[in-house]
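What follows is a set of notes on a single structure, which appears directly below.
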Amino acid sequence: MCKWPVALVTGGGSGLGKAIVERFLAEGAKVAILDRSEERVQEVVAMFGGKVVGTSGDVRSMADNKAAVARCVEAFGKIDTLVGNAGVWDYNASIAGTSEEKLAEAIDELVGINLKGYILAAKAALPELYKTKGNAIFTVSNAGFYPGGGGVLYTASKHGVVGMIKQLAHEWAPHIRVNGVAPGGIGGISRGFPSLSQEGIRFSNLPLDDLMKQMLPLEKAFYASEYTGGYVFFANRKDNGPATGSVLNFDGGIGMRGFMSPNMGKELDEKFRGA
Ligand SMILES: NC(=O)c1ccc[n+]([C@@H]2O[C@H](COP(=O)([O-])OP(=O)(O)OC[C@H]3O[C@@H](n4cnc5c(N)ncnc54)[C@H](O)[C@@H]3O)[C@@H](O)[C@H]2O)c1
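Heads up, the final residue of the sequence shown is numbered 275 in UniProt numbering, and it's a clean run with no missing numbers.
The structure is reproduced here in structure tokens:
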């Protein structure tokens with residue numbers, strides 16, 4: 001049973017954030033969300049009734065982050081866990097392929113959401129997390145460790161998130177634990193961003209199952225709900241007391257490919273199948 005009954009999740013209106021909301025509720029938590037889409041906020045609140053409250057706002061705004069914290073405390077009395085999760089992907093936009101005119105604006109937008117948004121959420125939630133001796137969990141990505149999971153903008157932003165997690169864990173000890181979950185590709189979600197005219201693009205248009213099968217040692221695509229256990233682990237004081245400043249690589253083994261061919265299950269299949 002959970003010992004972390006109230007959580008605030010940014011980007012809780014869709015994709016991974018919404019899956020985290022569903023999982024936390026199933027574990028007995030009450031959840032507040034902050035999402036820039038008023039429509040998605042309403043949808044999630046309606047879906048889960050009185051167990052979820054929502055604030056529509058932009059994670060790049062200190063005032064909106066503070067409003068989300070205030071709404072959570074007003075409804076549920078406290079915050080035990082902050083999940084910084086709202087983020088956008090750059091669809092592997094390269095520096096060479098991005099025009100000079102768009103590049104500066106694109107950096108401001110993507111880094112503004114993916115990194116500044118996390119820092120502002122952390123700042124806004126800090127007084128409440130201090131009171132509960134709570135914890136913060138931030139969504140990283142395989143792009144927080146390896147190249148090729150995004151373009152320079154996304155990869156730099158997620159490497160920045162790893163540094164932010166370590167620094168916050170350092171600054172907030174011994175009161176508040178700070179950790180991260182680094183998913184690999186997630187089936188069916190993630191939207192591009194306006195600075196690079198990517199609004200209409202959807203990750204679901206990519207042949208994700210085939211790509212993941214070829215790329216990952218675990219040879220399958222993983223979907224949002226399959227990543228939520230990492231957040232439950234870090235949120236739960238009982239199971240993760242010693243963990244702070246750590247990031248769980250939860251990515252199908254992207255870093256474990258080495259020089260082997262994708263079909264590395266063959267040897268074990270030949271040796272043990274039917275044994
Ligand atoms: N989809 C993937 O393959 C993948 C892989 C690794 C990590 N991630 C990370 O997971 C997190 C969630 O991504 P997702 O794939 O669920 O995306 P998504 O687009 O499905 O959901 C992101 C949510 O964040 C909200 N949001 C975006 N910008 C915002 C802003 N400025 N202010 C407030 N809310 C905002 C959106 O409205 C949306 O509801 C991100 O941090 C992303 O980098 C995604």
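Just so you know, even glycine gets a beta-carbon here, dropped at the ideal spot from N, CA and C. Nothing here was measured: the structure is a model prediction, and the numbers come from that model.
- Taking the Cα of I20 as reference, the smallest distance to any Cα among E270, D239 and G230 is reached at G230.
- Beta-carbon to beta-carbon, G245 and V178 are separated by about 6 Å, close enough to satisfy the 8 Å threshold.
- Spatial neighbours of R257 in its own chain (CB-CB distance under 7 Å, excluding positions within 5 residues in sequence) are listed in chain order as P217.
- The criterion of a C-beta distance shorter than 9 Å is satisfied by D64 and L34.
- Exclusion of the five residues before and after E128 leaves V69, V73, K78 and I79 as the residues of its chain whose Cβ lies within less than 7 Å of its Cβ.
- Of all C-beta pairs linking the stretch 149-164 to the stretch 103-111, three or more are shorter than 8 Å, placing the two stretches in contact.
- Under a 10 Å Cβ-count criterion, D210 is classified as exposed, with fewer than 16 other Cβ atoms of the shown protein chains found around its own Cβ.
- The three-state secondary structure of T244, taken from DSSP, is coil.
- With respect to the C-alpha of N142, the residue from K158, G134 and K51 having the closest C-alpha is K158.
- Where N179 is concerned, the enclosing beta strand (DSSP E) starts and stops at R177 to P183.
- In the structure shown, A93 adopts coil according to DSSP, grouped into three states.
- Under DSSP, T139 forms a beta bridge with V181.
- A direct Cα-Cα distance of roughly 18 Å separates A46 from V6.
- Look at A124 here: in three-state DSSP terms it is helix.
- Bridge partners of D35 according to DSSP: S56.
- Per the C-alpha coordinates, the member of L248, V181, G54 and A122 positioned closest to F76 is G54.
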